[in-house]
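If you read the protein sequences in the order shown, they are chains A and B. With the numbering used here applied, the first sequence corresponds to residues 143 to 481, in that order. With the numbering used here applied, the second sequence corresponds to residues 4 to 511, in that order. Read through the structure below, which is laid out as C-alpha cells, and then see the notes.
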Amino acid sequence: MSEGKILKKDDFNFGAFLVNNALVLVAVVMVIFTALFADNFLTFNNLKNIIANTSLRAVIALGVSGCLIIRGTDLSAGRVVGITSVLSALMLQRPDAASEILYPGLAGSPIIAALAASMTLGLVFGLINGMIVALLKVPAFIATLGTQIAIYGLNMLLSQNVPIGSLNQNYADFGRSGLQLGPLVLPWLFFVAALVSLFMHVLYKRTTHGKYMYAIGGNEIAAEVSGVNTSKTKIMIFALAGALYGLAGFLLTAKTGSSAVGAGTGYELEAIAAATIGGVSTAGGIGTVPGVFLGVLVFELLKACLQFLGVPPEFTNIFQGLVIVAAVALDIRKTMRKK
Amino acid sequence: MSDYILEMIDINKSFPGVKALDNAQLKLKAGTVHALMGENGAGKSTLMKCLYGMYFADSGDIILDGENVSFKDSKEALDHGVAMIHQELQPIRMMTVGENIFLGNYPRTKLGLVDHDAMYKETEQYLEAVGLQVNPRTLLNELTVSQMQSVEIAKAISHHAKIVIMDEPTSSLTEAEVAKLFEIIEDLTDQNIAVIYISHKMKEILEISDEVTILRDGQYIGTWPANELDNNKIIHHMVGRELTSLFPPRTSMAQEEKVLEVENFTSPTALSFKGCSFDLKRGEILGVGGLVGAQRTELMEAIYGIRLHEDEGIIKKEGKQIRINRPQDAIRHGIALVTEDRRESGIFTVLSVSDNVAIASVNQYRHGPLLSLKEIDSVVEDSIDKLSIKTPTHQTPIGSLSGGNQQKVILARWLANAPDILILDEPTRGIDVGAKYEIYEIIGQLVEIGKSVIMITSEMAELLGLSDRIMVMCEGRISGFLDAKEATQEKVMDLATRFMGQGQDQQA
C-alpha cells in the first residue's frame, strides 16, 4: 500500500517536472541528437560561439526580465540594441579607414567613450519608455511598440542606411577573442555577461528596488497601498533595461566587427521568449537571474542544433516561433494549476 | 397550483468557513413587489445569486411557476423569465442602447448578419415601455446612471421576464430619479411581473413593497405584509440575535490624548463621504459601523491617501496638522491600513510570506545599497512567532495559506513598521472563527501597548464586542457616536439608517 502511494507521488512530481522543464528537456534531447548526427557540433570552436551568443543575448534578456516581472514588456529592446550598435561602430571607426566615414568628428573615439555613449543613449530610451508607461499609463506593449518604430527611424537617419565597418582593432579583438583555457577560448563577452548577471542577481534579491519590483508584479494595488513608489520603480526598471540594451549594442558591434541599421532586429522577441523559457512568468512577480540565463542558453542551443542539423532558415524561423508560443503556453499552465 | 410565481424553500449554501444561507426561504406572488431585507452579510445577495444561476445552492428547492428549476447560468435564468438588475450596472458602454438590449440575442437577416433595422425598431417599443426617451442608437456611455438602469429594465422586458430582481437600485439615484423608477416598477406589476426589491432604505421599502421578507445570518426570519411593519419592527427583526460572547475580556485602554483628528472630510465624488469629522484617542479601538454603501471604506482610504478628498479636509496627528497625498505619506506619519479586499489590495499571491511581511518596512533593513536578509529573516521569524502564523517556511507563497493566516501576515507587515495608528477594514472577513479570535487578541494587545485602532466592521457582534467607542456612518455622513457601554444593536442600526431615503440636501 505504502509503496503504491509513494510511487503515485513520484509519478505526479515527474509530471509536474515535465511541464515545468519541458523546453529544457527538449533542448537536452536536441543536443544529444545533434551531437550524434551532425558533424562539428561537439567542437571547442562551436562551444565558444554558443557561449558568445548566449552571453550577448543574456544581457538583453536580463534587461527585459525586469519589464516582464512587473507584468509589462519591452518591444524596443532590439531596436535600442540596433541604434547603440550603430553608435558604437560610428564612434570606433578607424580614422584612417578605407571606407567612407560618416561622422569624422565621432570616428576614432576612445573605446570607453563609445561604451559610455551607448549605455547612456540606451538609458535615455529606457527612461522615455518608463515615463510613457508609468506616468502616461500607456500599456507597455503599445508604448514600446511605438518607441521601437521611432527608434528604428532614428537609426535610419543616424546610419544613413550605410553599413559601418573598419573598426578599432582592439575593440574588434575584444569582441572576438577571450581567455584561453587549454583548447577552449572563453569569450570576454562571457565575463561581461557574468558581471551583469551578478549585478542583476544582487539587485533583484538584495535591494529595496528588487523587492519593489517583485511587489509590483505580484499585485500593483497592494504595492501602492504598502507605500511602494510604483511609478519611480517602473521608470527605473525600464531605464536600467535600456542601459543594458546599450551595453548589448556595444558588445554586438565588437562581436560582428561591423554594424548596420538592421542590427538587433528581432532580438526583443528572442529575449522575451528566453526569459519566459527561463521561468519569468507573464502573470508577473516571478523570475530569477539564473533562470533567465538558463532560458537564453536553452534558446541558443536550440538554434545551434537546428543550424548544425542543416535545417533551412525558413524552418528555423517556424520552429523558433513555435518555441515562443510553447514557452508562454506552458507558463500559463503552471499558473493555472495553482488556482 | 399555488399562488406563488416563485418559491425558494430551505435553501442552503456554504462557502469555505461560512454558512451563507441556512434554510433560507422566499415566496413571491405574481405581480407584487417583494422586499428582501437584512444586514450586510445576511444572505440577500447570495440567495438571489442562487436563483439567478450564479451560484448553485447546496440543497433546497426552487420552484418557478410550479416547476422545479436550478439554473446553471444567468442566461438560462433569463430564458426562464428571471432577470436581475445589478447594484453595479455593467452595461457595455461603447455599444448602443439597442445593442445592449439585444446582447446575446441579436435578430439576424437571411444572410446571417445582424438585422439592425429590426433591432432598433423593436428597441423603441421596449424603451417606450419603461418611459425612456432616448434614441436607440445612443451609446450607453452618454446616458445617466438612471437611464442605464432603465435600459437594463427594458432588457428584462425584452426577455419577457416574469420576475425582475433589483439589487439596491436606488443607491446612485437622485430623488426625482427614484420617483421615476417607482413608476416603472408599478407599470411592471400592472403587467403581472413580480419584483424582488433588495434595499436598506426603510422609507422606500415601506412605500413601494407589498410584502417584506427578512433574513438574518443566512436564516429566514419571516415574511410580513409591508403595511404591518415600521422602522422599529424591521430593525428589530434584522438584528434580534443573541450575541455570543466571542471576545477576549479587556478593559478600555483609551487615554485622553487625541492621536488623530479628522476634520470636514468631503469626497470630490457626489454621493460619497461628506463633512466627516472625528477623532481617535491613544489606545482606543474606534469601531466604525454602517451598512453597505455608507462610504466607510472610502473615507478611510481618503485619510490614508489612496482616494482624493476636497482641500478643506484637515488631518491632525498628535495635534499637528499633516498632509497625506499618498500612502507613503501616511506610512511616514505612522498610519497603517489593512484594506478590505485582501486578494485585490492586500496580498502578493505569488510572493513568499517573507516578502509579504517585509514589503512595507523594507527600508529599515537597508544598510548602504543592500538589504540585510538576516534582519528580514528575524523580523519574519518574530512575526510568525508572535502572531502564530501557520506556514511551512518563510519562503512559502502566501497564496497557499488559509485566509486567516494571510490576514495575520498582512497584520505582521504593518506591525513591522511600528505604526501608531492602524486602520483595519473588515479585518476578519472570510476567515474562520478560530483565526477571528486570534485577530481580536492581537488587536487587544496592540492597544495595550499604546497603539490606536480604527476598525471598520459589518459584523454587529464584532462592532459591539470589541470597540471602545462606535462611530456609525450612513450615506456618506457620520450619523453618530456611541459609547461601547451604552451601544446596542438597535441603536447602531437606527444610526445606520438615519438618513436613509432623505434627499441629499435635506441632511443638515
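Backbone N, C-alpha and C define an ideal beta-carbon position, used for all residues, glycine too. Predicted model, so just to flag it, every value in this text is computed and none were measured.
Alpha helix (DSSP H) segment containing E493(B), residue limits: Taken as a continuous stretch (DSSP letters only), the alpha helix (DSSP H) holding E493(B) covers 492-499.
Straight-line Cα distance separating A86(B) from L29(B): Going by the C-alpha atoms only, they are around 16 angstroms apart.
Rounded separation between I377(A) and F392(A) - CA only: The alpha-carbon atoms of I377(A) and F392(A) are separated by roughly 23 angstroms.
Any C-beta of chain A under 8 angstroms from that of P19(B): No Cβ of chain A is located within less than 8 angstroms of the beta carbon of P19(B).
DSSP beta-bridge partners of K319(B): Beta-bridge analysis with DSSP links K319(B) to E264(B), Q324(B).
Residue-chain proximity (V198(B), chain A), Cβ-Cβ < 8 angstroms: Output row for V198(B): interface = no.
Backbone secondary structure at L425(B) - three-state DSSP: It is a strand residue.
Cα-Cα separation, H488(B) to M496(B): Rather than His, the amino acid found at residue 488(B) in this sequence is Lys. Approximately 16 angstroms between the Cα atoms of the pair.
Inter-residue Cα distance where the pair is E259(B) and A333(B): CA-to-CA, the gap between E259(B) and A333(B) works out to about 23 angstroms.
Listed by chain order, chain B residues near I428(A) by CB distance under 9 angstroms: Those are V353, L354, listed as they occur along chain B.
First and last residue of the uninterrupted alpha helix (DSSP H) at Q136(B): Element bounds for Q136(B): n/a, residue is neither H nor E.
Cβ pair count under 8 angstroms reaching 3, the region 380-399 of chain B against the region 335-351 of chain B: Touching, no.
CB contact below 8 angstroms: I66(B) versus chain A: Not one chain A Cβ lies under 8 angstroms of I66(B).
Neighbourhood of Y223(B) by C-beta, 7 angstroms cutoff - its chain only, sequence neighbours within 5 removed: Apart from the 5 residues on each side of it in sequence, Y223(B) sits with its Cβ closer than 7 angstroms to the Cβ of N26, A27, Q28 in its chain, given in chain order.
DSSP-derived helix/strand/coil call for I211(B): The three-state secondary structure of I211(B), taken from DSSP, is helix.
Coil, strand or helix - T399(B) by DSSP: Reduced to three states, the DSSP call for T399(B) is coil.
Beta carbon of V167(B) nearer than 8 angstroms to that of I196(B): Contact: yes.
Any chain A beta carbon closer than 8 angstroms to D380(B): No - not a single Cβ of chain A is within 8 angstroms of the one on D380(B).
Chain A contacts from the region 408-420 of chain B (Cβ-Cβ distance under 8 angstroms): Contact residues of the region 408-420 of chain B toward chain A are R416 (C-beta to C-beta distance below 8 angstroms).
Chain-ordered chain A contacts of F331(B) [CB-CB under 9 angstroms]: According to the sequence as given, residue 331(B) is Gln; it is not Phe. At a beta-carbon threshold of 9 angstroms, the residues of chain A lying near Q331(B) are G369, V370, N371, ordered along the chain.
Three-state secondary structure assigned by DSSP to T395(A): T395(A): helix per DSSP, three-state reduction.
Beta-bridge pairing of N15(B) - partner residues as DSSP gives them: Paired residue(s): S62(B).
First through last residue of the alpha helix (DSSP H) which encompasses K586(B): Residue 586(B) lies beyond the stretch modelled for chain B, which goes from 4 to 511, so this question has no answer here.
Contacts around F450(A), its chain only, beta-carbon distance under 6 angstroms, and the 5 residues preceding and following it disregarded: Taking C-beta separations shorter than 6 angstroms and ignoring five residues to either side along the sequence, the partners of F450(A) in its chain run T176, A180, F183, following chain order.
Inter-residue Cα distance where the pair is L427(B) and S275(B): Cα-Cα distance, rounded: 20 angstroms.
I317(B) vs I424(B) beta-carbon contact at 8 angstroms: No Cβ-Cβ contact shorter than 8 angstroms links I317(B) with I424(B).
Contact the region 238-252 of chain A vs the region 357-366 of chain A: 3+ CB pairs below 8 angstroms: Counting Cβ pairs under 8 angstroms, fewer than three are found: no touch.
Interface partners of N195(A) on chain B, CB under 8 angstroms: Per Cβ cutoff of 8 angstroms: no residues; N195(A) is ~31 angstroms from chain B at best.
Contact set for N71(B): own chain, Cβ-Cβ below 8 angstroms, skip 5 residues either direction: For N71(B), same chain residues with a beta-carbon under 8 angstroms away, outside a window of 5 residues either side, are D64, I65 in chain order.
Expected contact under 8 angstroms - CB spacing of L229(A) and L263(A) to nearest Å: Right, their Cβ atoms sit about 6 angstroms apart.
Among I413(B), I217(B), F185(B), the one whose alpha carbon lies nearest that of I211(B): Comparing Cα-Cα distances from I211(B) to each of I413(B), I217(B), F185(B), the minimum goes to F185(B).
One or two residues paired with A365(A) in a DSSP bridge: Per DSSP, none; premise fails for A365(A).
Secondary structure, alpha helix (DSSP H): runs of 4+ residues fully inside the region 312-393 of chain B: For the region 312-393 of chain B, whole alpha helix (DSSP H) runs of length 4 or above, ordered along the chain, are 330-335, 345-348, 356-361, 376-389.
Alpha helix (DSSP H) runs contained entirely in the region 417-494 of chain B, provided each spans 4 or more residues: Runs of the alpha helix (DSSP H) inside the region 417-494 of chain B: 436-451, 463-469.
Residues near E412(A) by beta carbon distance below 7 angstroms, same chain, minus five either side: If we look at E412(A) and ignore the five residues flanking it on each side, its Cβ neighbours are R199, F441.
Partners in chain C for G360(A), counting only beta-carbon separations shorter than 7 angstroms: Chain labels in this structure do not include chain C; the protein chains are A and B.
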